[in-house]
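Chains X and Z are the protein sequences, given in the same order.
Residue 323 in UniProt numbering sits at position 323 of the first sequence; the count goes up by one each step and never skips.
Residue 165 in UniProt numbering sits at position 165 of the second sequence; the count goes up by one each step and never skips.
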Amino acid sequence: MKPFAYVRAHSPAEAVQEYAARPGARFLAGGTNLIDLMKLGVESAQTLIDVSRLPLDRVESGPGGALRIGAAVRNSDLAAHPAVRERYPVLSQALLAGASGQLRNVATTAGNLMQRTRCLYFQDPGKPCNKRLPGSGCPAIEGVHRDLAVLGHSEACVATHPSDMAVALAALGATVHLLGPDGERALPVADFHRLPGERPERDTELRPGELITAVELPPPMGPSLYRKARDRASYAFALASVAAVLDVRDGVVHDVGLAFGGLAHRPWRAGAAETVLLGAPATPAAFAQAADAELVHARPLRDNAFKVQLARNLAVDVLSALAARAAGAAA
Amino acid sequence: MAGKGARAGSTRQRAHPEAPPRAEHRSAVTLRVNGEERTLTLDHRTTVLDTLREHLGLFGTKKGCDHGQCGSCTVLIDGRRANSCLLLAVAQDGARITTVEGLAAPGPGGETLHPVQQAFLDHDALQCGYCTPGQICSAVGMLGELAAGHPSLVTAPGSRPGLTAEEIRERMSGNLCRCGAYAHIVAAVQDAGRAPGDAAGRPDGDPRHLQDGATP
Numbered sequence: 001m002k003p004f005a006y007v008r009a010h011s012p013a014e015a016v017q018e019y020a021a022r023p024g025a026r027f028l029a030g031g032t033n034l035i036d037l038m039k040l041g042v043e044s045a046q047t048l049i050d051v052s053r054l055p056l057d058r059v060e061s062g063p064g065g066a067l068r069i070g071a072a073v074r075n076s077d078l079a080a081h082p083a084v085r086e087r088y089p090v091l092s093q094a095l096l097a098g099a100s101g102q103l104r105n106v107a108t109t110a111g112n113l114m115q116r117t118r119c120l121y122f123q124d125p126g127k128p129c130n131k132r133l134p135g136s137g138c139p140a141i142e143g144v145h146r147d148l149a150v151l152g153h154s155e156a157c158v159a160t161h162p163s164d165m166a167v168a169l170a171a172l173g174a175t176v177h178l179l180g181p182d183g184e185r186a187l188p189v190a191d192f193h194r195l196p197g198e199r200p201e202r203d204t205e206l207r208p209g210e211l212i213t214a215v216e217l218p219p220p221m222g223p224s225l226y227r228k229a230r231d232r233a234s235y236a237f238a239l240a241s242v243a244a245v246l247d248v249r250d251g252v253v254h255d256v257g258l259a260f261g262g263l264a265h266r267p268w269r270a271g272a273a274e275t276v277l278l279g280a281p282a283t284p285a286a287f288a289q290a291a292d293a294e295l296v297h298a299r300p301l302r303d304n305a306f307k308v309q310l311a312r313n314l315a316v317d318v319l320s321a322l323a324a325r326a327a328g329a330a331a
Numbered sequence: 001m002a003g004k005g006a007r008a009g010s011t012r013q014r015a016h017p018e019a020p021p022r023a024e025h026r027s028a029v030t031l032r033v034n035g036e037e038r039t040l041t042l043d044h045r046t047t048v049l050d051t052l053r054e055h056l057g058l059f060g061t062k063k064g065c066d067h068g069q070c071g072s073c074t075v076l077i078d079g080r081r082a083n084s085c086l087l088l089a090v091a092q093d094g095a096r097i098t099t100v101e102g103l104a105a106p107g108p109g110g111e112t113l114h115p116v117q118q119a120f121l122d123h124d125a126l127q128c129g130y131c132t133p134g135q136i137c138s139a140v141g142m143l144g145e146l147a148a149g150h151p152s153l154v155t156a157p158g159s160r161p162g163l164t165a166e167e168i169r170e171r172m173s174g175n176l177c178r179c180g181a182y183a184h185i186v187a188a189v190q191d192a193g194r195a196p197g198d199a200a201g202r203p204d205g206d207p208r209h210l211q212d213g214a215t216p
């Protein structure tokens, strides 16, 4: 690890000013991914600007039943928050499906969004990787790619985004609030992460010097559920996962939010499936048709075609469980 | 004897292998370690784990993977379990750190082991012992989280988690044991969690931050 300066910011504005004044600066929150990558030589910084103690550590109810989550709220605190457990169970479940108890105690909301892919080639500076070293190539396309993308990948990069939390946020239609040198702005979380295209070195639409200040959830649309398939029962990244929010009225899908994890360079909001579902009967057959409408676009690599069927099964299971719950409540 | 001396010498050398860092790359850091305030000037790259082992002579906390994957470096930071290998000491300035050395309670007749430590002995919950300090610190933090009603992935929605083997296995999944002592570890943690006097609370006993649903 190369030496670096360290400053602690006391306000979001000060953090943004410090960043602008210091070439080679990086924001440090929980550090569970950044410090690891700095040890590996994947990331480096001339200055770390510590934003972990900023007054962004609150979960607050907003107008109309919305919920505003501070960027520095720890993953474990967010998962345990009564409003999240009660009104957005998919978010609590996704957070608890990720990492370990120790890591969730340290990792923050913003840091979870900013974590980098766990692609083996990205994490090994001894190997080529277009994301880490643009133009050096992507050995994963022909190499070890069982865990990598089946949707939205490019000739340059087949990495997946590793977050569980972000998949739930995508299904919930959350908004990411940012503060940068040019002021505040907000992005739908589904547009926050990008597809690799020819610029895989860019994970997100974040502009240089912008700081995540909060994530905002709209009022809950209906019951929600997260399900994750992985190689171990606990403490492993997703092979595929599904987050869903479903509003069923009189046996018909009135509203739905559906997102896949572990399949793409970003949490995959399943817009095609949602379109099929709106107004459709809340039946397993309709759910399978919707999943197929989304996954027909999948382009699996040599060793990860199993993910497509896995994601389809998860989607049908999760939507069926939510529909059964709605039917039970109506009975 | 000569060999032993050479090893000791090389250990000392390894502890400070580099020239002192430049002023902008180091800071004075104060940590309250096992109840004792320690102020050190540290290279910003120094993790809490390396601070404990290389600067404070506290070798109880173990370095396993050094990447947050094995849990053997687990300590309690302000009462919450964390991987000390991924924490920069400078970012923890002012923090209260409890390591395995700080768990036993001092007394007139000698130390009394923490209930989790005693349960590990009673249940033979280890083989080689390398992961044990991390397992024990993690279990202390985990029992506090459980007592505060924090859910895990296996907690039924809307319910309060119980001290079941399923809950313990899920909540301890961040601590690997390559000897495979898991069955006895689960029994030990379950036993300690049932012990009177709230094994989760002491001696780090500040559960205020773990109130059900509290925001930090």
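Glycine is no exception: its CB is placed at the ideal position from the N, C-alpha and C atoms.
Please read all numbers here as calculations on a predicted model, not as lab measurements.
Check	Outcome
Assign tyrosine 121 of chain X to one of three DSSP states: helix, strand, or coil.	coil
With aspartate 250 of chain X as the anchor, note down where its beta strand (DSSP E) starts and where it stops.	Looking at the DSSP string, aspartate 250 of chain X is not in any beta strand (DSSP E), and its letter there is neither H nor E.
Hey, out of X:Gly279, X:Pro89, X:Thr160, X:Ala290, whose CA is closest to leucine 172 of chain X's CA?	X:Pro89
Counting only Cβ-Cβ distances shorter than 7 Å, please list the residues of the region 155-188 of chain Z near chain X, keeping chain order.	Pro157, Glu170, Arg171, Ser173, Gly174
Can you list the alpha helix (DSSP H) stretches of 4 or more residues lying completely in the region 119-153 of chain X, in chain order?	none
Report buried or exposed for serine 84 of chain Z, applying the criterion of at least 16 other Cβ atoms within 10 angstroms of its Cβ.	buried
Taking beta-carbon pairs under 7 Å, can you tell me which members of the region 67-85 of chain Z lie near chain X?	His67, Gly68, Gly71, Thr74, Arg80, Arg81, Ala82, Asn83
Could you pull out every unbroken alpha helix (DSSP H) segment of at least 4 residues lying fully inside the region 117-182 of chain Z, listed in chain order?	132-147, 165-171
If you draw a straight line from the C-alpha of aspartate 255 of chain X to the C-alpha of glycine 101 of chain X, how long is it?	34 Å
Whole-angstrom Cβ separation of valine 59 of chain X and glycine 41 of chain X, contact assumed at under 8 Å?	With 8 Å as the limit, valine 59 of chain X and glycine 41 of chain X do not qualify as a contact, their Cβ atoms being about 36 Å apart.
In whole angstroms, what separates the C-alpha of arginine 325 of chain X from that of alanine 94 of chain X?	19 Å
For the region 89-119 of chain X, which residues have a beta carbon sitting closer than 7 Å to at least one beta carbon of chain Z?	Pro89, Ser92, Gln93, Leu96, Ala97, Ser100, Gly101, Gln102, Leu103, Asn105, Val106
Compute the Euclidean distance between the alpha carbons of residue 220 of chain Z and methionine 142 of chain Z, then round it to the nearest angstrom.	Outside the modelled stretch of chain Z, which goes from 1 to 216, sits residue 220 of chain Z, for which no answer is possible.
Using the beta-carbon of each residue, which ones in chain X are nearer than 7 Å to arginine 45 of chain Z?	Met1, Pro3
Below 8 Å on the Cβ atoms is my contact criterion, and I expect leucine 301 of chain X with leucine 148 of chain X to pass it. Report the Cβ-Cβ distance as a whole number of Å.	7 Å
Which term fits leucine 246 of chain X, buried or exposed, when burial requires 16 or more other beta carbons within 10 angstroms of its beta carbon?	buried
When DSSP labels each residue in this structure, what does glutamate 111 of chain Z get in the three-state scheme?	coil
Histidine 44 of chain Z and valine 90 of chain Z look like a contact to me (Cβ under 8 Å); what is the Cβ gap, rounded to whole Å?	5 Å
Could you tell me if glycine 162 of chain Z is buried or exposed, where buried requires 16 or more neighbouring beta carbons within 10 angstroms of its beta carbon?	exposed
Taking 7 Å as the cut-off, is the CB of threonine 98 of chain Z close to at least one heavy atom of the ligand FAD?	The ligand FAD is not among the ligands present in this structure, which contains no ligands whatsoever.
With DSSP as the reference, label phenylalanine 59 of chain Z as helix, strand or coil.	coil
Return the Cβ separation of alanine 45 of chain X and glycine 24 of chain X in integer angstroms, given the expectation that the two are a contact with Cβ distance under 8 Å.	6 Å
Can you list, in chain order, the residues of its chain whose CB lies under 6 Å from that of alanine 192 of chain Z, leaving out five sequence neighbours each side?	Pro115, Val116, Ala119, Ala199
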